[in-house]
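Novice: Residue numbers (the numbering used here), protein chains in the order written: chain Y, 10 to 306; chain A, 10 to 306; chain H, 10 to 306; chain F, 10 to 306.
From the three backbone atoms N, C-alpha and C, an ideal C-beta is built for every residue, glycine too.
The model shown is predicted, which means the values in this text are computed figures rather than measured ones.
One structure, pasted below without further comment.
Protein chains: 4
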Amino acid sequence: MKVGFIGLGNMGSGMARNLLKAGHEVTVYNRTPEKVKALVEQGARGAATVADTCKGDVVITMLADDSAVENVVFGEAGILASLRKGAIHVSSSTISVALSEKLTAEHTKCGQRYVAAPVFGRPEAAAAAKLFIVVAGAPDAVDTCTPLFEAMGQKTSRFGDKPSSANLVKISGNFMIASTIETLGEALALVAKGGLDQHQYLEFLTSTLFTAPIYKTYGALIADKKFKPAGFAAPLGFKDTRLTLAAGEGLRVPLPLANLLRDRFLRLLGRGDEMIDWSAISQLAAEDAGLGEIQKS
Amino acid sequence: MKVGFIGLGNMGSGMARNLLKAGHEVTVYNRTPEKVKALVEQGARGAATVADTCKGDVVITMLADDSAVENVVFGEAGILASLRKGAIHVSSSTISVALSEKLTAEHTKCGQRYVAAPVFGRPEAAAAAKLFIVVAGAPDAVDTCTPLFEAMGQKTSRFGDKPSSANLVKISGNFMIASTIETLGEALALVAKGGLDQHQYLEFLTSTLFTAPIYKTYGALIADKKFKPAGFAAPLGFKDTRLTLAAGEGLRVPLPLANLLRDRFLRLLGRGDEMIDWSAISQLAAEDAGLGEIQKS
Amino acid sequence: MKVGFIGLGNMGSGMARNLLKAGHEVTVYNRTPEKVKALVEQGARGAATVADTCKGDVVITMLADDSAVENVVFGEAGILASLRKGAIHVSSSTISVALSEKLTAEHTKCGQRYVAAPVFGRPEAAAAAKLFIVVAGAPDAVDTCTPLFEAMGQKTSRFGDKPSSANLVKISGNFMIASTIETLGEALALVAKGGLDQHQYLEFLTSTLFTAPIYKTYGALIADKKFKPAGFAAPLGFKDTRLTLAAGEGLRVPLPLANLLRDRFLRLLGRGDEMIDWSAISQLAAEDAGLGEIQKS
Amino acid sequence: MKVGFIGLGNMGSGMARNLLKAGHEVTVYNRTPEKVKALVEQGARGAATVADTCKGDVVITMLADDSAVENVVFGEAGILASLRKGAIHVSSSTISVALSEKLTAEHTKCGQRYVAAPVFGRPEAAAAAKLFIVVAGAPDAVDTCTPLFEAMGQKTSRFGDKPSSANLVKISGNFMIASTIETLGEALALVAKGGLDQHQYLEFLTSTLFTAPIYKTYGALIADKKFKPAGFAAPLGFKDTRLTLAAGEGLRVPLPLANLLRDRFLRLLGRGDEMIDWSAISQLAAEDAGLGEIQKS
Numbered sequence: 010m011k012v013g014f015i016g017l018g019n020m021g022s023g024m025a026r027n028l029l030k031a032g033h034e035v036t037v038y039n040r041t042p043e044k045v046k047a048l049v050e051q052g053a054r055g056a057a058t059v060a061d062t063c064k065g066d067v068v069i070t071m072l073a074d075d076s077a078v079e080n081v082v083f084g085e086a087g088i089l090a091s092l093r094k095g096a097i098h099v100s101s102s103t104i105s106v107a108l109s110e111k112l113t114a115e116h117t118k119c120g121q122r123y124v125a126a127p128v129f130g131r132p133e134a135a136a137a138a139k140l141f142i143v144v145a146g147a148p149d150a151v152d153t154c155t156p157l158f159e160a161m162g163q164k165t166s167r168f169g170d171k172p173s174s175a176n177l178v179k180i181s182g183n184f185m186i187a188s189t190i191e192t193l194g195e196a197l198a199l200v201a202k203g204g205l206d207q208h209q210y211l212e213f214l215t216s217t218l219f220t221a222p223i224y225k226t227y228g229a230l231i232a233d234k235k236f237k238p239a240g241f242a243a244p245l246g247f248k249d250t251r252l253t254l255a256a257g258e259g260l261r262v263p264l265p266l267a268n269l270l271r272d273r274f275l276r277l278l279g280r281g282d283e284m285i286d287w288s289a290i291s292q293l294a295a296e297d298a299g300l301g302e303i304q305k306s
Numbered sequence: 010m011k012v013g014f015i016g017l018g019n020m021g022s023g024m025a026r027n028l029l030k031a032g033h034e035v036t037v038y039n040r041t042p043e044k045v046k047a048l049v050e051q052g053a054r055g056a057a058t059v060a061d062t063c064k065g066d067v068v069i070t071m072l073a074d075d076s077a078v079e080n081v082v083f084g085e086a087g088i089l090a091s092l093r094k095g096a097i098h099v100s101s102s103t104i105s106v107a108l109s110e111k112l113t114a115e116h117t118k119c120g121q122r123y124v125a126a127p128v129f130g131r132p133e134a135a136a137a138a139k140l141f142i143v144v145a146g147a148p149d150a151v152d153t154c155t156p157l158f159e160a161m162g163q164k165t166s167r168f169g170d171k172p173s174s175a176n177l178v179k180i181s182g183n184f185m186i187a188s189t190i191e192t193l194g195e196a197l198a199l200v201a202k203g204g205l206d207q208h209q210y211l212e213f214l215t216s217t218l219f220t221a222p223i224y225k226t227y228g229a230l231i232a233d234k235k236f237k238p239a240g241f242a243a244p245l246g247f248k249d250t251r252l253t254l255a256a257g258e259g260l261r262v263p264l265p266l267a268n269l270l271r272d273r274f275l276r277l278l279g280r281g282d283e284m285i286d287w288s289a290i291s292q293l294a295a296e297d298a299g300l301g302e303i304q305k306s
Numbered sequence: 010m011k012v013g014f015i016g017l018g019n020m021g022s023g024m025a026r027n028l029l030k031a032g033h034e035v036t037v038y039n040r041t042p043e044k045v046k047a048l049v050e051q052g053a054r055g056a057a058t059v060a061d062t063c064k065g066d067v068v069i070t071m072l073a074d075d076s077a078v079e080n081v082v083f084g085e086a087g088i089l090a091s092l093r094k095g096a097i098h099v100s101s102s103t104i105s106v107a108l109s110e111k112l113t114a115e116h117t118k119c120g121q122r123y124v125a126a127p128v129f130g131r132p133e134a135a136a137a138a139k140l141f142i143v144v145a146g147a148p149d150a151v152d153t154c155t156p157l158f159e160a161m162g163q164k165t166s167r168f169g170d171k172p173s174s175a176n177l178v179k180i181s182g183n184f185m186i187a188s189t190i191e192t193l194g195e196a197l198a199l200v201a202k203g204g205l206d207q208h209q210y211l212e213f214l215t216s217t218l219f220t221a222p223i224y225k226t227y228g229a230l231i232a233d234k235k236f237k238p239a240g241f242a243a244p245l246g247f248k249d250t251r252l253t254l255a256a257g258e259g260l261r262v263p264l265p266l267a268n269l270l271r272d273r274f275l276r277l278l279g280r281g282d283e284m285i286d287w288s289a290i291s292q293l294a295a296e297d298a299g300l301g302e303i304q305k306s
Numbered sequence: 010m011k012v013g014f015i016g017l018g019n020m021g022s023g024m025a026r027n028l029l030k031a032g033h034e035v036t037v038y039n040r041t042p043e044k045v046k047a048l049v050e051q052g053a054r055g056a057a058t059v060a061d062t063c064k065g066d067v068v069i070t071m072l073a074d075d076s077a078v079e080n081v082v083f084g085e086a087g088i089l090a091s092l093r094k095g096a097i098h099v100s101s102s103t104i105s106v107a108l109s110e111k112l113t114a115e116h117t118k119c120g121q122r123y124v125a126a127p128v129f130g131r132p133e134a135a136a137a138a139k140l141f142i143v144v145a146g147a148p149d150a151v152d153t154c155t156p157l158f159e160a161m162g163q164k165t166s167r168f169g170d171k172p173s174s175a176n177l178v179k180i181s182g183n184f185m186i187a188s189t190i191e192t193l194g195e196a197l198a199l200v201a202k203g204g205l206d207q208h209q210y211l212e213f214l215t216s217t218l219f220t221a222p223i224y225k226t227y228g229a230l231i232a233d234k235k236f237k238p239a240g241f242a243a244p245l246g247f248k249d250t251r252l253t254l255a256a257g258e259g260l261r262v263p264l265p266l267a268n269l270l271r272d273r274f275l276r277l278l279g280r281g282d283e284m285i286d287w288s289a290i291s292q293l294a295a296e297d298a299g300l301g302e303i304q305k306s
């Protein structure tokens, strides 16, 4: 397939590369052009403008937030103005339900198709084509894109016709991970203040009740206070928590736990260190228990 | 070994039976004597008083709460007055850190030994000798009791010399489970209000990020609103949340998530239905989202 | 002075009338023109467009929210395009800190002046020229407008040169009122469940420790469950809570109490009754205590 | 009247003195006897034991907490064992609803009468006979004690026959004050981070919407960070918050704001400074906003 790919960050680079490996004809674009070069060396066509990436059947966007997506979609030479009728915009960024709904409406107006396909997984998973891809949109459009998803992920889960459903799955999934971090943070603060060894405690939990890898991964980060380099930076965690709250506001769903997370991120970010992993919110429980400040390395 | 066993509820009956199966000489006592008969038929000796259970090497208590334990330990013919020097009291009940510390001190004063050995697992796990047993106390005392733990559980995890450490592990573990229920409750309310199918959502989560059995078990209960019969009744969940908060107060550890859980249980119990499963707190998020009241059976 | 006035709702009508009474030459505009007629009968000049209100020295906006203000300010025939150089836009609406900052910048770019002058007070206070007006902006601009403020309020409080400071005072003041409502709601739920008479309790509190009128006013509304007609409707309370949270996000200030209020409003509004007074959030504490549902009229 | 008075702390000394001034025959007792001497010099009779204070018509207790009251009431030579039939125990301490109910039952069993009469006011108000006294109990008993209340306070408010009702008023009143402190703390953190002067902000609020003296008093303490010497120490604020939560648990009333306060006090006390005023919880909002740590003197 002829595919455009916009957004070559840690995630996007790996995803685009896997499309190339699967034999697709990929045209790539990035706001800062250095990232383009590496992909071109691997067989991609480099595009100088967003419009340039919109000549094929599908264009995929993998960008930081709502505002970055709006910048490439709207405007004179944006995706909306450049994509041919019937072509598909696949949005893999973690964006708001509201923006996803707006994109659905706008693409429909222009005779284009829109599929939401946010992904779960860290950069290593993107590189290894091990992403979990959550997809929603018109069945024919999703069918068309399925070979692309299969090239980028280990599993594609479809959530119906309404694209924003996929975004809701992604947002709420991240909310669940952040809640797990907070839960671990409070439990570990409590047992540490009580004199227990955090690693032994985690070893017990993760070998009995909480066997999901997420507990091992985050438990170790928290017990070791290993928040750098960030696997997923705190500002992104804050952004996703706000997306959860915004989705809740739109749907009239109170979310007390998400409120707690919001305050945790605000407090963490208020210290000025934006390069820290989002799991560092766990240390606020420890700090409030008098267990010392967050280690900064 | 000659073992006394006090408390033949859903959990205790199975545990005592497994001690018998392993060949120990077990004397059983229960406040309401009907439960005694079944065990006697299986080879136990029935005791008419607490003191009667204290003639051997070890006496195990498996009771509902602090007050039940205090009732059998203190007083004229209680365990403290009846156990011979050097004998061991194993407390498997989920009790407060404070009471565990008091028991440690009192048994020491009387020349007796005290081991805390709370358990994780439902009644079926108790019956099948599949409990996870968390143990803390003087090493020699714990060593002595180890064959008993092996007869009752699938795994024994030792947490040092201080008995109350085991109680802290138990309490905080239950706090983590309750937090998981709240997290699922909020996430499921959000996606359901957004039009998604809760079962499909859970199927996705539990096959990707949240693979621990706990997510499958509780996710299904919540999505199906299947809160009866209770596997673990709401008043017990409330009790354990209060134990977590009390431990936090004693250690000066703020626990915002535990506070949220406390209010959830209070609100649930305020409706007068004490036979409902503790996972029903999840429905309060749904109710606040306008998704209808808790289904009652 | 020659003054334009945009927004003739419950608040704006009274304010414009008081400007007329004080002898100012007032041109009025409202999106729905019926409201204009009443003012014209009292001596105002009716304007058919926003631009028409911008011919004088000052134009005052008194509108529902950020979006309503943006609609009259920006765009081809908006205030920004219509006001002459050196003229002043006085914004009395309760708007976000962020929009106030944007208006400051945009008016400056156009050589115009901008003063933020949000008000505290109910419609009766607006009618009786008893508003408390909070003002911030360039001193000369504020001086110029002072006779207008004196015509509309009982007291003008200046908060420096930065217009958005006045908005922050207004927003946080409303947050404090909403927090007072929540506090009263919880305390009244507790004592009512304990068998006390809410009115006697309030009589005691308001004659001893909590003598501010706000406690009498809201205490009576809550104890009488008199939430209609709304003095200040719940959607406005929700809007202002969101403005508080947004200000906190911008400034990196966690606000746990504001989060609680947010969830209260979401839950209240989720029931679909948008005509209820904001003090009805107090009834959620009562409801959670099992004291019955909110009375609906 | 012949009155016994137990507990000569900052509050009790002033109260006992005012009884003397009013011409009553007062026998005083204190655990640490130095405080007794000063009262004896002013005409009181000094008692060497609790039993000694129980010879008259009424005995008043003014002690720190539940446990202190239990110590003087129960036991061999306690009030219960010493008071003659028909005599009255007036409890002015801030104690739990549960203990007040227990005292009601126990005194009744012994043929004695029990009146709850907790007080609002600082030590200066106690010295100046300016306390607000909240009274509940059997009407004849309350009538008998009324001259005593009039000697100690500026106003006596009766809340019916059930003694614990008075305790609920006292506890919930303190909850409302603590909530006001938290509200002020969050609002002041927000405006301070936004660049406003806290004193000017408070001057505005307390001269317009929040005119109750409590806002001036606590507002000034917070803005000046003047938390020492403590007017009401943080451990007492924590104790009263726990009493509020305990009352809520007993009555099945969730209290999210009281939970927030609980965590604030835990975090504050976790720093080890127990001599700080309870209004210092306000500084945690400021600290989380990055406005610096609590000033320590």
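Could you please give the first and the last residue of the uninterrupted alpha helix (DSSP H) stretch that includes F/I104?
Specialist: On the fourth sequence, position 95 is the one that residue 104 of chain F refers to. Where F/I104 is concerned, there is no enclosing alpha helix (DSSP H), given that its DSSP letter is neither H nor E.
Novice: Under 9 Å between beta-carbons, which chain F residues line up against H/D170? List them in chain order, please.
Specialist: Numbered from its first residue, the third sequence carries residue 170 of chain H at position 161. What H/D170 touches in chain F: nothing, since even the nearest Cβ is about 10 Å away.
Novice: Pick out whichever of A/F247, A/G120, A/F241 has its Cα sitting closest to the Cα of A/A134.
Specialist: Taking the second sequence and counting its residues from 1, the one referred to as residue 134 of chain A is at position 125. When each option's Cα is compared against that of A/A134, the closest is A/F241.
Novice: Could you tell me whether any Cβ in chain F is nearer than 8 Å to the Cβ of H/L269?
Specialist: Here residue 269 of chain H refers to the residue found at position 260 when the third sequence is read from its first residue. With 8 Å as the cut-off, H/L269 counts as an interface residue toward chain F.
Novice: Identify whether H/A294 lies in helix, strand or coil by the three-state DSSP scheme.
Specialist: By one-based count along the third sequence, residue 294 of chain H stands at place 285. Helix, per DSSP.
Novice: Would you please verify whether the beta carbon of A/D297 is less than 8 Å from any beta carbon of chain Y?
Specialist: By one-based count along the second sequence, residue 297 of chain A stands at place 288. At least one chain Y Cβ lies under 8 Å of A/D297.
Novice: In the DSSP assignment, what are the bridge partners of Y/L140?
Specialist: Within the first sequence, residue 140 of chain Y is the residue found at index 131, counting from 1. Partner(s): Y/G162.
Novice: From the DSSP output, read off the bridge partner residues of F/T36.
Specialist: Counting from one through the fourth sequence, the residue named residue 36 of chain F turns up at place 27. Beta-bridge pairing links F/T36 to F/G13, F/R54.
Novice: By the 10 Å Cβ neighbour count, where 16 or more other Cβ atoms means buried, how is F/E94 classified, buried or exposed?
Specialist: The residue given as residue 94 of chain F occupies position 85 in the fourth sequence. The sequence given here has Lys at residue 94 of chain F, not Glu. Under this definition F/K94 is an exposed residue.
Novice: Can you round the beta-carbon distance between H/G279 and Y/R261 to whole angstroms, since I take them to be within the 8 Å contact cut?
Specialist: The residue given as residue 279 of chain H occupies position 270 in the third sequence. The residue given as residue 261 of chain Y occupies position 252 in the first sequence. Rounded, the Cβ-Cβ distance is 4 Å, consistent with contact.
Novice: With DSSP as the reference, please indicate the residues paired to H/F129 in a beta bridge.
Specialist: The sequence position of residue 129 of chain H within the third sequence is 120, counting from 1. H/F141, per the DSSP bridge assignment.
Novice: Flag A/G279 as yes if its beta-carbon sits less than 8 Å from any beta-carbon of chain H, otherwise no.
Specialist: To locate residue 279 of chain A, count along the second sequence from 1; it is residue 270. Chain H, which has a Cβ nearer than 8 Å to the Cβ of A/G279, makes this yes.
Novice: Taking 8 Å as the CB-CB cut-off, is H/R251 touching chain A?
Specialist: Reading the third sequence from its first residue, position 242 is the one you call residue 251 of chain H. So no, H/R251 is outside the interface.
Novice: When you compare only the Cα positions, how much space is there between A/P222 and A/R167?
Specialist: Counting from one through the second sequence, the residue named residue 222 of chain A turns up at place 213. Counting from one through the second sequence, the residue named residue 167 of chain A turns up at place 158. Distance between the alpha carbons of A/P222 and A/R167 is about 23 Å.
Novice: Is there a Cβ of chain H sitting closer than 8 Å to that of Y/G18, yes or no?
Specialist: On the first sequence, residue 18 of chain Y is found 9 positions in, with the first residue counted as 1. By this cut-off, Y/G18 is not an interface position.
Novice: Can a CB atom of chain Y be found closer than 8 Å to the CB of H/V68?
Specialist: Here residue 68 of chain H refers to the residue found at position 59 when the third sequence is read from its first residue. Not an interface residue.
Novice: Would you call the CB atoms of F/V178 and F/T165 closer than 8 Å?
Specialist: Locating residue 178 of chain F in the fourth sequence gives position 169, where the first residue counts as 1. Locating residue 165 of chain F in the fourth sequence gives position 156, where the first residue counts as 1. In this structure, F/T165 does not lie closer than 8 Å to F/V178 by Cβ.
Novice: With DSSP as the reference, please indicate the residues paired to A/D286 in a beta bridge.
Specialist: As a working note, residue 286 of chain A is residue 277 in the second sequence. Looking at the DSSP assignment, A/D286 forms a beta bridge with A/A242.
Novice: For F/S306, count neighbouring C-beta atoms within 10 Å of its own C-beta (all shown protein chains included) and say buried if the count is 16 or more, exposed if not.
Specialist: As a position in the fourth sequence, residue 306 of chain F is number 297, starting the count at 1. Only weak support exists for where F/S306 lies, its pLDDT of 41 falling under 50; the value from the coordinates is given anyway. Exposed.
Novice: For F/A294 and H/A267, what's the separation of their Cα atoms in angstroms?
Specialist: Residue 294 of chain F sits at position 285 when you count from the first residue of the fourth sequence. Residue 267 of chain H sits at position 258 when you count from the first residue of the third sequence. Approximately 12 Å, taken between the alpha carbons.
Novice: Return the Cβ separation of F/Y38 and F/V59 in integer angstroms, given the expectation that the two are a contact with Cβ distance under 8 Å.
Specialist: Translated into the one-based positions of the fourth sequence, residue 38 of chain F becomes position 29. Translated into the one-based positions of the fourth sequence, residue 59 of chain F becomes position 50. Their Cβ separation, rounded to whole angstroms, is 6 Å, which keeps F/Y38 and F/V59 in contact under 8 Å.
Novice: In or out: A/T70 buried (at least 16 other Cβ within 10 Å) or exposed?
Specialist: For the purposes of this step, residue 70 of chain A is taken as the residue at position 61 of the second sequence. So A/T70 ends up on the buried side.
Novice: Beta carbon of F/G228, beta carbon of F/L205: below 8 Å?
Specialist: The sequence position of residue 228 of chain F within the fourth sequence is 219, counting from 1. The sequence position of residue 205 of chain F within the fourth sequence is 196, counting from 1. For F/G228 and F/L205, no; Cβs fall outside 8 Å.
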